[in-house]
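Novice: Sharing a structure below in C-alpha cells format, with a few things to ask.
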Amino acid sequence: MAEIILNHVKKIYDKSVVAVQDFCMEIRDQEFIVLVGPSGCGKSTTLRMIAGLEEISAGEISIGGKVVNRVPPKDRDIAMVFQDYALYPHMTVYDNIAYGLKLRKFPRRVIDQKVREAAAILDITDLLKRKPKALSGGQRQRVAIGRAIVRSPKVFLMDEPLSNLDAKLRNQMRTEIIKLRQRIKTTFVYVTHDQTEAMTLGDRIVIMKEGFVQQIGTPRQVFHDPNNLFVAGFIGTPQMNFFEAQLCREGERYHLELNGRRLEIAPEKQRRLLQYNVQSQSVTAGIRPEYVLLTDAAGFTGQVEVTEMMGSNTHLHLRFGEDEVVVLVPDGDEPVREFSLGETVHFTFHAERIHLFSRETGHNLEHDPREALTTSAQPPEVPSEPEAQAVAEAEAPVAPAATPEPEAAPETDAAPEPETPQESAPTP
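Counting from 1, position 222 in the sequence shown corresponds to residue 222 in full-length UniProt numbering; the numbering is continuous, with no gaps.
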C-alpha cells in the first residue's frame, strides 16, 4: 500500500513567511494526484516535504501507514523526477538508468533485467547505447523517468517534469505518462503550473494559492463546480467570463440583475441558494465561454472586438456594456461564419451553467458558507515571532534526520549536475 496522508502540514520560513498552511489530504493507493497553482503557491514545497527534502514546520506526513517525519529521503521508498533531467553526460542511457542500482550493489543480472524492462515501457530500448548529448529533450526526460522506474518505488513524485519541453513534445510526453501510470499502477504526486496537464493527468486535482488549498476534486468537479472565484478563473481556457451583478431574492425566488437586464436563475440553483439562505446581495457572476450561446435576436447584445480562429472553434471577444464577454463558437456541420469588427451579435447564457460568487469573499454561493476560505479575498496574516514560536512549541514539529541539497534526488547515489537540454536530436 502506498497511501499518503498529510495531516495539518505547515511550512513557515524564517518564522514569518508562510509557504504552506494547514495542508490536509489523504492520497489513496495508486491514485494520481496533481498539485497545481501559480508560482509561489506552495505546490513544490508540499512535494518536497513529502520527499523529505524540506523540513516541515508542523503537522505529520505518513506514507504506507508509516509516519515519515523522522525518516530520511533515501528510506521513504520514493522516486522523484525533476524539471531538470540530471543525467551524467559521460554515461550511456543504460548506465544512467542503472547507476542507482549499481550503488546499491544489485546483482548484474537483476540490473540488466530492470533496465531493459524500464526501457521497453518507455520505448527507449534502441537508445540504451547513446549518450545524453545525442538525445532530444523528450528522450532525455524518458531516461530520467526510467531511472526512477527501476527503483520500483511505492510513490512517484514529479516536479514539473515537462516544463523544459516544447508544446508538441509536452503533449507526447503527457500521453506517455498516462500510459506509464496504467502499466506500473503505483501512487503518483505530480506538480505543475499547467492546467492542461492537471486536467488530463489527475484523478484528483489540488488547486493552491498563497499556501492554502483552494479546492480538491476531480477534473470535472473543479471545472463545473469551482469552490471560489480563484478556482473558477484559474481552471479553463479561455478563462471564465466574470460580470458584476445583483442577486435579488423575492421570497423563495431568485433572479439576477445583469447589465440592466433581468436574468432568471435555474431551478436547481434556486434550491441550493435557498438551502444556504442566501440573501439579496452584490455578486460576481461567472460563465464559461462554452456556455455563452449565440442567438438570432433574443437575449443580450454585444459588439465584436476580436475574432480568434482556433481551428475547430472560434473565440469571439464582445464588448458587453463595461465588460468583455468571450464566446466559444464551435464548428457544426459547416465552418463558423466570418464575423466583422464592430458587428452586433445577440447571445444568451446557459442558465444551468451560471456561477454566483460572493463579492466580499469570492466563495461560491451554492456551496456551504462554513467551507468558505478566508484567503480567497486576501492573503493570510503572518503570525508575529512570539506567536510563531508558541505554535511551533505547541505542535512539536519534527525535522527529518537528514536534508539533502535541494537539487539532489532522494536516492543514496549522488545526483549528477543537470545537463542543459539540447535539441540536436530529432523529436521521438
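Even glycine gets a Cβ: it sits at the ideal position worked out from N, Cα and C. Small disclaimer: the values here were computed from a predicted structure and weren't measured.
1) Compute the Euclidean distance between the alpha carbons of S163 and R147, then round it to the nearest angstrom.
2) Tell me the DSSP secondary structure of E257 in three-state form.
3) Quick one: what's N364 bridged to in DSSP?
4) Using the beta-carbon count (16 or more within 10 Å), is H363 buried or exposed?
5) If you count every other CB in all the chains shown that lies within 10 Å of the CB of Q275, and 16 or more means buried, which is it?
6) For the candidate residues I287, I354, M208, whose alpha-carbon lies nearest to that of S39?
7) Beta strand (DSSP E) containing D22: first to last residue?
8) For E381, which residues from the same chain have a beta carbon less than 8 Å from its beta carbon, with the 5 sequence-adjacent residues on both sides left out?
9) I'd like the span of the beta strand (DSSP E) that includes residue 431, first residue to last.
10) Spatial neighbours of V325 within its chain, please: CB distance less than 7 Å, with the 5 preceding and 5 following residues excluded, ordered by chain position.
11) Return the bridge partner residues of F188 from the DSSP annotation.
12) Just verifying my parser: in three-state terms, what is the DSSP assignment at P330?
13) So which of A118, K154, K129 has the shortest CA-CA distance to A144?
14) I need the straight-line Cα distance from E60 to T46, nearest angstrom please.
15) Taking the alpha carbon of K269 as the point to measure from, which residue in E305, H350, D194 has its own alpha carbon closest?
16) Helix, strand or coil for F106, going by three-state DSSP, please let me know.
17) CB-CB under 6 Å to E343, same chain, minus the five flanking residues each way: which ones, in chain order?
18) Taking 8 Å as the threshold, find out whether the segment 16-36 comes into contact with the segment 68-80 through three or more Cβ pairs.
19) Based on the DSSP output, what are the partners of Y13 in its beta bridges?
20) Is DSSP giving K74 helix, strand or coil here?
21) Output yes or no for whether 7 Å exceeds the beta carbon distance between F243 and L258.
22) Select from K154, Q139, Q182 the residue whose C-alpha is nearest the C-alpha of L165.
23) Throw me the rounded Cβ distance for the Q30 and K185 pair, which I believe falls under 8 Å.
24) Quick check on D296: buried or exposed, where buried means 16 or more other Cβ atoms within 10 Å of its Cβ?
25) What residues in its chain sit with their C-beta under 7 Å from that of N96, if we drop five residues either side in the sequence?
26) Among the residues of its own chain, which have a CB less than 7 Å from the CB of V341, if the five just before and after it don't count?
27) Whole angstroms are fine: how far does the CA of F357 sit from the CA of L229?
28) Please report how far the alpha carbon of I27 lies from the alpha carbon of F347, in whole angstroms.
29) Count the other C-beta atoms from every protein chain shown that fall within 10 angstroms of the C-beta of M199, then say buried if there are 16 or more, exposed otherwise.
30) At the level of alpha carbons, what is the spacing between S136 and D159?
31) What's the gap between the Cα of K105 and the Cα of V189?
32) Using only the alpha-carbon positions, how far apart do Q239 and K133 sit?
33) Run the CB neighbour count on R109, radius 10 Å, all protein chains shown included, and call it buried at 16 or more, exposed below.
34) What number of angstroms, rounded off, separates the C-alpha of G332 from the C-alpha of L157?
35) Classify D84 as buried or exposed, calling it buried when 16 or more other Cβ atoms lie within 10 Å of its own Cβ.
36) Measuring alpha carbon to alpha carbon, tell me which residue in G236, R151, S282 is nearest D77.
Specialist: From the atom records:
1) Here residue 163 refers to the residue found at position 163 of the sequence shown. Here residue 147 refers to the residue found at position 147 of the sequence shown. Cα to Cα, S163 sits roughly 19 Å from R147.
2) Residue mapping note: residue 257 aligns to position 257 of the sequence shown, counting from 1. E257: strand per DSSP, three-state reduction.
3) Working through the sequence shown from its first residue, we reach residue 364 at position 364. Looking at the DSSP assignment, N364 forms a beta bridge with F357.
4) To locate residue 363, count along the sequence shown from 1; it is residue 363. Sixteen is the threshold: when 16 or more other Cβ atoms of the shown chains lie within 10 Å of the Cβ of H363, as they do, the residue is buried.
5) For the purposes of this step, residue 275 is taken as the residue at position 275 of the sequence shown. When all chains shown are included, Q275 counts as exposed.
6) Start at 1 with the first residue of the sequence shown, and residue 39 comes out as number 39. Checked all of I287, I354, M208; the closest Cα to S39 is M208.
7) Position 22 of the sequence shown, counted from the first residue, corresponds to residue 22. Counting along the chain, the beta strand (DSSP E) containing D22 begins and ends at 17-27.
8) Walking along the sequence shown from the start, residue 381 turns up at place 381. Its pLDDT being 40, under 50, E381 is placed unreliably by the model, and the measurement read from it follows with that caveat. So the list is empty, once near-sequence residues are dropped.
9) Nothing in the structure corresponds to residue 431, since the chain is present only between 1 and 428.
10) Here residue 325 is taken as the residue at index 325 of the sequence shown, counted from 1. Contacts found: N241, V292, G302, L318.
11) Counting from one through the sequence shown, the residue named residue 188 turns up at place 188. According to DSSP, residue pairing for F188 in a beta bridge involves F32, F156.
12) The residue you call residue 330 lines up with position 330 of the sequence shown. Correct three-state label for P330: strand.
13) Position 144 of the sequence shown, counted from the first residue, corresponds to residue 144. A144 has its Cα closest to that of A118, out of A118, K154, K129.
14) For this step, residue 60 is matched to residue 60 along the sequence shown. For this step, residue 46 is matched to residue 46 along the sequence shown. In a straight line, the C-alpha of E60 is about 12 Å away from that of T46.
15) The residue you call residue 269 lines up with position 269 of the sequence shown. Ranking the options by Cα distance to K269, first place goes to H350.
16) On the sequence shown, residue 106 is found 106 positions in, with the first residue counted as 1. In the structure shown, F106 sits in coil (DSSP, three-state: anything other than H, G, I, E or B).
17) Counted from its first residue, the sequence shown places residue 343 at position 343. Only V304 meet the Cβ criterion.
18) Between the segment 16-36 and the segment 68-80 there are fewer than three inter-stretch CB-CB distances shorter than 8 Å, so the stretches are not counted as touching.
19) Taking the sequence shown and counting its residues from 1, one reaches residue 13 at position 13. Answer by DSSP bridge pairing, in chain order: V17.
20) Here residue 74 is taken as the residue at index 74 of the sequence shown, counted from 1. Look at K74 here: in three-state DSSP terms it is helix.
21) The residue you call residue 243 lines up with position 243 of the sequence shown. The residue you call residue 258 lines up with position 258 of the sequence shown. Cβ atoms of F243 and L258: closer than 7 Å.
22) What you label residue 165 is simply residue 165 of the sequence shown in a count that begins at 1. Relative to the Cα of L165, the nearest Cα in the group K154, Q139, Q182 belongs to Q139.
23) For the purposes of this step, residue 30 is taken as residue 30 along the sequence shown, with counting starting at 1. For the purposes of this step, residue 185 is taken as residue 185 along the sequence shown, with counting starting at 1. That belief holds up - the Cβ atoms of Q30 and K185 are roughly 5 Å apart, short of 8 Å.
24) Walking along the sequence shown from the start, residue 296 turns up at place 296. Under this definition D296 is an exposed residue.
25) Taking the first residue of the sequence shown as position 1, residue 96 is located at position 96. Cβ neighbours of N96 beyond the five flanking positions: L87, Y88, V143, R147.
26) Position 341 of the sequence shown, counted from the start, is the residue given in the question as residue 341. This sequence places Leu at residue 341; Val is not what is there. Beyond the five residues adjoining it in sequence on each side, L341 comes within less than 7 Å, by CB distance, of V304 in the same chain, given in chain order.
27) Along the sequence shown, read from residue 1 onward, the residue named residue 229 stands at position 229. Along the sequence shown, read from residue 1 onward, the residue named residue 357 stands at position 357. A direct Cα-to-Cα measurement between L229 and F357 gives close to 6 Å.
28) Position 27 of the sequence shown, counting from 1, holds the residue named residue 27. Position 347 of the sequence shown, counting from 1, holds the residue named residue 347. When rounded, the distance between both Cα atoms is 43 Å.
29) If you number the sequence shown from 1, residue 199 lands on position 199. With 16 or more other Cβ atoms within 10 Å, it is buried.
30) Numbered from its first residue, the sequence shown carries residue 136 at position 136. Numbered from its first residue, the sequence shown carries residue 159 at position 159. Distance between the alpha carbons of S136 and D159 is about 20 Å.
31) Taking the first residue of the sequence shown as 1, we reach residue 105 at position 105. Taking the first residue of the sequence shown as 1, we reach residue 189 at position 189. The alpha-carbon atoms of K105 and V189 are separated by roughly 28 Å.
32) On the sequence shown, position 239 is the one that residue 239 refers to. On the sequence shown, position 133 is the one that residue 133 refers to. In a straight line, the C-alpha of Q239 is about 40 Å away from that of K133.
33) For the purposes of this step, residue 109 is identified with residue 109 of the sequence shown, where counting begins at 1. Answer is exposed; the Cβ neighbour count stays below 16.
34) Residue mapping note: residue 332 aligns to position 332 of the sequence shown, counting from 1. Residue mapping note: residue 157 aligns to position 157 of the sequence shown, counting from 1. Note on geometry: alpha-carbon atoms of G332 and L157 lie some 42 Å from one another.
35) Your numbering for residue 84 matches position 84 in the sequence shown. By the 10 Å Cβ count, D84 comes out buried.
36) Taking the sequence shown and counting its residues from 1, the one referred to as residue 77 is at position 77. It is R151.
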